[in-house]
Amino acid sequence: MCTSKLCRHLIKHFTILLLWPIYSAQAAVTGYEIASDELYANGREFGEAGQYRAIRGTLTFAVDPQNARNRIITDIELAPLDENGQLAFSSDFLLLIPVNPASGNQVTLVDIPNRGNPIMQRFNLPTTESPDGDAFLMSEGYSLLWLGWEEDIDRGFRISIPGTTDGENIPISGLGFAAVRDAASWIKHDPDALVSTDYLLTFGLSQSGRYLRSFLYLGFNTDEAGRQVYDGVIPHIGGASRIDLNRRGAQPVSQGQFNATSYPFADDAYADPLSGVREGQLDNPRARENQPKIFYTNSSVEYWGGGRIAAMIHTTPDAQRDLILPENVRVYLLAGTQHGPAAFPPAAASTGQLQNNPHNYWWPMRALLTAMTEWVRDDIPPPPSAHPQLANGSLIPVSEIEFPDLDIDASLNSLDAGIRMPNPLLQGNGAPGAELPLLVPQVNEDGNEIAGIISPELTVPLATYTGWNFNNPQIGDPNRLYPLAGGYIPFSASLEERISNNDPRLSIEERYASKTEYLELITAAAEDLVAKRYLLQRDIPAVYQRASAHWDLLMSGQ
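Numbering (this note's numbering), first residue to last: 4 to 561.
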């Protein structure tokens with residue numbers, strides 16, 4: 004549910020003030036209804052980008068059912084058509100754009116809402132007291148678009164789509180892909196669009212990260228005129244999964260934690276030993292053209308649970324070999340993190356046997372967004388992929404995990420990854436029901452992962468951070484994982500406490516001579532990440548402050 008002040012501000016009900024039709028032979032965006040157009044945040048200045056406008060309303064679309072790019076949309080042949088033989092629909096939108104377009108960075112970032120909720124404001128590190136956080140996105144000069152794509156929700160950014168004409172009136176939900184495609188094409192190619200920038204990025208998180216993988220797989224990065232729409236795509240915490248949207252009777256809002264993955268998993272085509280099919284997420288007839296630059300970013304949870312098997316993005320379908328990634332693709336594991344960072348200080352364990360994982364991945368995510376922007380706009384190559392690999396032992400079958408003995412009342416080694424879901428585009432549906440392989444990141448003697456983007460909190464640790472958390476027995480099977488949660492296991496403060504707790508991990512006092520030494524090591528680790536472009540210089544103070552607070556939390560009694 005969307006409860007923050009900013010979130011409520013972004014999705015408040017629209018009151019139509021202006022209807023503006025667009026007449027273009029090529030444009031699939033046919034018009035817009037503006038509900039409001041006002042200075043954002045009472046005219047606040049956002050650094051060199053200056054003031055922003057907030058424009059709310061509805062975009063109207065019309066697509067040609069006969070266009071080859073649209074035939075992939077399920078039931079489009081059953082759609083009601085207007086007098087021009089077009090299929091019309093509309094989507095809620097919000098634009099935040101610099102009042103002076105020249106002060107922006109020439110990049111529009113398109114948010115794919117999660118169940119109607121806006122998500123990309125998390126790059127700003129918002130708080131309850133400051134919904135805009137440090138206003139990172141605005142101060143960097145991005146133009147920002149939130150757009151509805153999902154019909155089966157009752158609030159937030161929605162799409163209004165017609166039903167089939169066969170008497171069943173089933174929503175043609177695949178139009179949710181066309182909306183995101185055509186809005187981008189409008190911005191990129193129509194000089195009369197409400198915002199016009201040279202480059203477009205799109206970001207999706209969890210459900211909407213899976214949406215973006217489907218968007219690419221089905222070929223929607225090419226518009227009706229055969230042109231590329233997005234230059235860069237960041238599917239975040241979606242693993243190797245896609246979304247149930249382009250199906251008759253689809254309910255994308257309900258497809259949650261488990262069994263959301265079907266072959267193919269990786270971008271290039273590799274033969275599937277189970278189905279005999281050879282296809283790729285990008286290497287297929289729909290998606291080979293106009294491929295964007297892509298960052299697949301995942302937390303540790305996407306490797307461990309939820310049927311999302313993130314390791315299959317970068318391993319062969321038989322889970323036996325590492326892959327050489329396409330030149331336009333990077334893969335990053337945000338090591339030691341959970342699906343969404345828990346609050347800090349961490350609360351007591353409740354739904355899981357462990358406290359939830361508070362390891363914050365938004366600092367490296369800001370660096371990666373910056374790197375993607377520089378890649379598409381300035382042709383500066385991004386930092387190399389950072390993920391575990393079979394070849395060096397940092398990616399292993401779950402049966403080989405070497406987690407320290409911390410008296411956890413469940414067995415990691417016996418977990419499974421769930422089963423394959425059907426892929427109706429493939430002969431035989433891609434071997435649905437087959438068990439998925441579970442490859443997970445290997446850990447060190449502290450239980451912390453050894454590959455991926457290793458944050459200062461892992462380089463200079465005070466705790467173990469996991470991508471898994473077994474159910475509290477009071478709420479479920481204690482041998483199964485609580486959905487999408489990681490765990491946090493702090494080190495003992497002293498040697499005496501460690502011995503008392505029978506903890507094999509070194510205590511904090513055994514690792515660091517003082518808080519001063521600890522913070523010096525944190526700063527050095529942060530500066531190393533900045534040099535590697537996995538952290539921004541501007542975020543070192545925040546990393547330092549978190550580390551200082553973490554030390555005080557654990558050592559206050561010493």
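A virtual CB, placed ideally from N, CA and C, is assigned to each residue, including glycine.
*For the region 488 to 561, which segments carrying the alpha helix (DSSP H) assignment without a break, of at least 4 residues, lie completely within its bounds, in sequence order?*
498 to 504, 511 to 514, 518 to 535, 543 to 558
_If I follow the unbroken alpha helix (DSSP H) through residue 380, where does it start and stop?_
365 to 381
*For residue 385, which residues from the same chain have a beta carbon less than 7 Å from its beta carbon, with the 5 sequence-adjacent residues on both sides left out?*
333, 374, 375, 378
*Are there 16 or more other CB atoms within 10 angstroms of the CB of residue 45, so buried, or fewer, so exposed?*
exposed
*Report the option in 203, 367, 337, 325 whose CA atom is closest to the CA atom of residue 295.*
203
*Tell me the DSSP bridge mates of residue 191?*
Residue pairing by DSSP leaves residue 191 without any beta bridge partner.
*asked:* Using only CA atoms, which one of 271, 157, 232 lies nearest to residue 288?
replied: The shortest Cα separation from residue 288 among 271, 157, 232 belongs to 271.
*Can you tell me the Cβ-Cβ gap for residue 339 and residue 461, rounded? I've got them flagged as a contact below 8 Å.*
5 Å
*Assign residue 7 to one of three DSSP states: helix, strand, or coil.*
Low per-residue confidence applies at residue 7: pLDDT is 47, beneath 50, and the placement is therefore not dependable, though the value from the model is reported in the following sentence. Of the three classes helix, strand and coil, the one that applies to residue 7 here is coil, per DSSP.
*Does the distance from the CB of residue 165 to the CB of residue 238 come in under 7 Å?*
no
*Does the distance from the CB of residue 3 to the CB of residue 481 come in under 7 Å?*
Any property of residue 3 remains undetermined from this structure, which presents the chain solely from 4 to 561.
*asked:* Going residue by residue through the region 121 to 162, where are the continuous beta strand (DSSP E) segments of at least 3 residues, counting only ones entirely within it?
replied: 146 to 150
*First and last residue of the uninterrupted alpha helix (DSSP H) at residue 427*: Neither: residue 427 is in no alpha helix (DSSP H) and is coded neither H nor E.
_Contact set for residue 181: own chain, Cβ-Cβ below 6 Å, skip 5 residues either direction_ = 66
*Can you name the residues that DSSP bridges to residue 333?*
298
*Between residue 207 and residue 503, what straight-line distance do the alpha-carbon atoms span, to the nearest angstrom?*
45 Å
*Does any residue of chain B bring its CB to less than 7 Å from the CB of residue 229?*
Here chain B cannot be found, since the structure has a single protein chain.
*Count the other C-beta atoms from every protein chain shown that fall within 10 angstroms of the C-beta of residue 133, then say buried if there are 16 or more, exposed otherwise.*
exposed
*Taking all protein chains shown into account, decide if residue 94 is buried (16 or more other Cβ within 10 angstroms of its Cβ) or exposed.*
buried
*Mind checking residue 116: buried by the 16 CB within 10 Å criterion, or exposed?*
By the 16-neighbour rule on beta-carbons within 10 angstroms, residue 116 is buried.
*What residue range is occupied by the uninterrupted beta strand (DSSP E) comprising residue 206?*
202 to 208
_Rounded C-alpha distance that separates residue 85 from residue 150_ = 23 Å
*Does the region 534 to 551 come within contact of the region 453 to 467, defined as at least 3 CB pairs closer than 8 Å?*
yes
_Three-state class that DSSP yields for residue 43 in the structure shown_ = helix
*Under 7 Å between the Cβ atoms of residue 463 and residue 557?*
no
_Enclosing alpha helix (DSSP H) for residue 461 [first to last residue]_ = Looking at the DSSP string, the run of the alpha helix (DSSP H) that includes residue 461 is 459 to 462.
*So does the region 66 to 76 actually touch the region 175 to 191, counting three or more Cβ pairs closer than 8 Å?*
yes
*In the DSSP assignment, find the alpha helix (DSSP H) that holds residue 306 and state where it starts and stops.*
For residue 306, the enclosing alpha helix (DSSP H) begins and ends at 304 to 307.
*What number of angstroms, rounded off, separates the C-alpha of residue 291 from the C-alpha of residue 506?*
Approximately 52 Å between the Cα atoms of the pair.
_Excluding the 5 residues flanking residue 156 on each side, which residues of the same chain have their C-beta closer than 6 Å to its C-beta?_
118, 119, 256
*Looking at C-beta atoms only, is the number of pairs between the region 343 to 363 and the region 477 to 497 that lie closer than 8 Å three or more?*
Flag = yes, the region 343 to 363 and the region 477 to 497 touch.
_Our contact map puts residue 436 next to residue 426 with C-beta atoms below 8 Å; I'd like the distance itself, whole angstroms only._
The pair is not a contact, with the Cβ atoms about 12 Å apart (cut-off 8 Å).
*Consult DSSP for residue 101 and reduce its assignment to one of helix, strand or coil.*
strand
_Alpha carbons only, please: which of 47, 402, 431 is nearest the one belonging to residue 418?_
402
*If you run the structure through DSSP and keep just helix, strand and coil, what is residue 35?*
strand
*Using 8 Å as the threshold, is the region 440 to 459 in touch with the region 386 to 402, meaning 3 or more CB pairs across them?*
yes
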